[in-house]
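See below for the structure under consideration.
Residue numbers (the numbering used here), protein chains in the order written: chain A, 1 to 338; chain B, 1 to 338.
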C-alpha cells in the first residue's frame, strides 16, 4: 500500500474522488446577499416550517441532503457513508436530520471548520477503498446559534465591530470513486492553535493563526505556492481575521494576492450590517457547495484551496476565562484529476 | 485499489493496524470498582489538580494521552493523527486537552460511542495509507456531565432505577501500521436509530435497538456468529439496555450467550449504588483500553467485538420533547492479523 503522506499534515489522494453533486440551502438574509444566484434553495421562513429553531436547522439540513442526493442520482440507502456535524450542543442539528436515514453515520465536530473536516474524511474514505460514495454535510442557523452561544434574540444585544453573523445555511456534497470531477486531490489536516484571544466576539482574530499554520503547512508539504491556486478560500475568518491572515503571510514575504478570499466576506455585502462578515458551519458549507463549486465547473477557477476554520471554545469555557483554541482544515479541489 | 466493503455497513481492513499502546485514567469511584487492577492511573482528586470540572476532564484526558504515547514510545510530534471527542458542549474536553499538541486533529462527536468511532476512523486512516500512526481517545467526567446534562450536583436529585452513572475516566489507544497486535480487523459503522424513547434517564433502552441493528449487520456482513468472538462487549447499555439487547436477539433465535457483556455493567459493582450501570464516553474507553485489551494480550480473549453505543440527544432536544436517536459503532479486535 502506497503511503499517501506528503510532509507533516498533508495527504495526496491516490485516486482523487470526484464531486458527484453538491447542494446548498440558505435563509432569507443569505438569499438577499451577493451570492444569491448560486444557492439551490432560499427559504423565507426562518422556522423552515418547524416549531423551534433547532428543528428548523435539522429540517434545512435534511432538505439540503435530499437535494444533493437527487442531483447525484443516488438514493440515501445507496450512500456508503455520511459525515456530518454542526454547532449545536451534542450536534443535534445533524443527528436529528439523519435520524431516519439508512446511511452509516460518522458524527464530526470541527466548529465552523466542519465542512472541510467532513469533506476530508469523506475523500479519504473513498480513496482508501472503504466507500464508493460518501456525503459530507453541515449546517448552522442564526437563531439557534444566537441563543446557544450568545444572548436571547429578544434581548437585542449590541454587536461589536469584530463580531460575525452566523449564517443560516446548509451545504452537502457527495463524493464518488469515479466521475468527471471536480476532484478532491489533497487534504491538509489542522493542528489546534491557541493564540490567546479570549474575546468570543473576535473569532476572526482567534482563528487566523490556525489558518496561517495550516496554509503554510499545505504549501510546504505540497511544494505549491499561493499562485498555483485560482482561489484560496478560507472560511470563515471574516474581514478582521482575513486581514490578520494576509498580514501573517506578508511578514514571511508571501503575498496571498487577489486569489485569496473568505467565505465570511463573500456571503453578505456591507449594506447587510453584519459587521466583520459571516460565520457558522453553514457559511463555508453553503459557499463551497454553491459559489465555489460552480465557479470551478464554470471554468473560472480550475483549482481551489478550501480552508475552513473553526473556533473550538464553548460558552462554558469562555465564561471560565479560557482563551479560544482554533483549527483550520484545508482541502484542494481540482477540475483535473492529477 | 481493493474495495474493502463487506456488505452494507462493514469494512474489512486490508492490512489490519496494530494496537501499539493503550492507556486509561479514571477517578476514585471507578478505582474502587471491580476493574481497579486494569487502570493505569486512579486519581483520588476529582478536580485532577484543576479549578473546574471541565478543566479536570481535559487534564485527565491529556494525562491519559501522555501515558499512551509513553507506552508506545512515540512522542506526540511523531503521531500522524489524533481522533478525539467527548460529551461536553462543543467537545471542549478534547479540544482543550489537545490545544498544545502538535498533532493533526480530527474532532469527533459520537456521544458515548465516541471511542469506537475514533478507533474506527484511526484504523481506516492507517489502513488507507494516510497515516503510519494514529491515536483515538475520549473522556467523560461525572461532575462536568451532571451539571451539563442533568442538575447541579449540590441539588442532590434522586436518580431513577434505569439511570446510569457517568464514568469519570479517559481512554487512549495508538494504532500503528505494523506491530505485534492485537489488530483492528473490521469496522462496522452504525446508522442512527430512534426507538421513540424520550426518557433521558433510560438511555439503555434508547440505545439497545441501535446496538442490535449494528451487531446484526456485523454478523450479516462478515458471516460471523456470536460464538466466533471470545467476548462481545457493548458499551454502555448498562443493565437495562443489555437485557433489551439480549431479548432482541433471542426473538431472532440468536443467543448472544455468556460471551456478551457491557462496559457499563463491568465498571462498577452493585454495592456502588450506580443503578443501571456506568455510562459516558470514558466508560467504554477506559474499559477497552484497560480490561478488554489486557484480557486479549493475556490470552483470555483472542477475538473481541467492541460495540460502543451513543445516545445522540441534547438537553435542549429533550426539553423540546424529542425522542432520543442512538447509534452504535462496532470494531473487531483480534490477536491474529488475518
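We put the CB at the ideal spot given by N, CA and C, even for glycine.
Within the stretch 311 to 329 of chain B, those residues whose Cβ lies closer than 8 angstroms to any Cβ of chain A are, in chain order, 312, 313, 314, 315, 316, 317, 320, 322, 325, 327. Residues of the stretch 101 to 125 of chain B with a Cβ closer than 9 angstroms to any Cβ of chain A, in chain order: 101, 102, 103, 104, 105, 106, 107, 108, 109, 110, 111, 113, 114, 117, 120, 121, 124, 125. Under the three-state reduction of DSSP output, residue 126 (chain A) falls in the helix class. Residue 21 (chain B) and residue 115 (chain B) have their C-alpha atoms some 15 angstroms from each other. Taking a C-beta distance under 8 angstroms as the contact criterion, residue 119 (chain A) and residue 192 (chain A) do not qualify as a contact pair. The beta carbons of residue 286 (chain A) and residue 169 (chain A) sit closer together than 8 angstroms. In the structure shown, the three-state DSSP call for residue 259 (chain B) is coil.
Within chain A, the residues whose beta carbon sits less than 8 angstroms from that of residue 88 (chain B) are 314, 316, listed in sequence order. Less than 8 angstroms divides the Cβ of residue 304 (chain A) from the Cβ of residue 229 (chain A). Rounded to whole angstroms, the Cβ separation of residue 306 (chain B) and residue 292 (chain B) is 7 angstroms, and the two are in contact under 8 angstroms. Any Cβ of chain B closer than 8 angstroms to the Cβ of residue 192 (chain A) would place that residue at the interface, and such an atom is present.
Close to residue 95 (chain A), with beta-carbon spacing below 7 angstroms, are these residues of chain B in chain order: 192, 312, 325. Under the Cβ criterion (8 angstroms, minimum of three pairs), the stretch 52 to 72 of chain B does not count as touching the stretch 266 to 283 of chain A. A distance below 8 angstroms separates the beta carbons of residue 67 (chain A) and residue 23 (chain A). A Cβ-Cβ contact shorter than 8 angstroms links residue 173 (chain A) with residue 289 (chain A). In chain order, 46, 53, 153 place their CB closer than 7 angstroms to the CB of residue 143 (chain B), counting only its own chain and leaving out the 5 sequence neighbours on each side. Chain A has no Cβ within less than 8 angstroms of the Cβ of residue 164 (chain B).
Among the residues of the stretch 46 to 74 of chain A, those with a Cβ less than 9 angstroms away from any Cβ of chain B are 51, 52, 54, 55, in the order of the chain. Chain A has no Cβ within less than 8 angstroms of the Cβ of residue 337 (chain B). At a C-beta separation below 9 angstroms, residue 5 (chain B) has these neighbours in chain A: 80, 129, 130, 131, 132.
Where residue 133 (chain B) is concerned, the enclosing beta strand (DSSP E) starts and stops at 133 to 140.
Scanning chain B for C-beta atoms nearer than 8 angstroms to the C-beta of residue 189 (chain A) yields 81, 104, 105, 106, reported in chain order.
The alpha carbon of residue 14 (chain B) has as its nearest neighbour, out of B:310, B:277, B:126, the alpha carbon of B:126.
For residue 289 (chain A), no Cβ of chain B is located within less than 8 angstroms of the residue's own Cβ.
Chain-ordered, the chain B residues with CB closer than 7 angstroms to the CB of residue 99 (chain A) read 192, 194, 325.
Where residue 295 (chain B) is concerned, the enclosing alpha helix (DSSP H) starts and stops at 293 to 297.
Close to residue 11 (chain B), with beta-carbon spacing below 7 angstroms, are these residues of chain A in chain order: 130. For residue 53 (chain B), the three-state secondary structure derived from DSSP is helix.
Counting only residues of its own chain and dropping the five nearest sequence neighbours on each side, residue 256 (chain A) has a CB closer than 7 angstroms to the CB of 226, 232, 246, 249. The criterion of a C-beta distance shorter than 8 angstroms is not satisfied by residue 11 (chain B) and residue 48 (chain A).
Buried is the label assigned to residue 175 (chain B), since at least 16 other Cβ atoms lie within 10 Å of its Cβ.
By the neighbour-count definition (other C-beta atoms within 10 Å, threshold 16), residue 103 (chain B) is a buried residue. Short of 7 angstroms from the beta carbon of residue 18 (chain B), and not among the five residues preceding or following it, lie these beta carbons of its own chain, in chain order: 175, 176, 178, 179, 180, 181, 183. Per DSSP, reduced to three states, the secondary structure at residue 48 (chain A) is coil, with no helix or strand assignment. Under the Cβ criterion of 8 angstroms, residue 281 (chain B) is not counted among the residues facing chain A. Contact annotation for residue 85 (chain A) against chain B: 109 [CB-CB distance below 7 angstroms, chain order].
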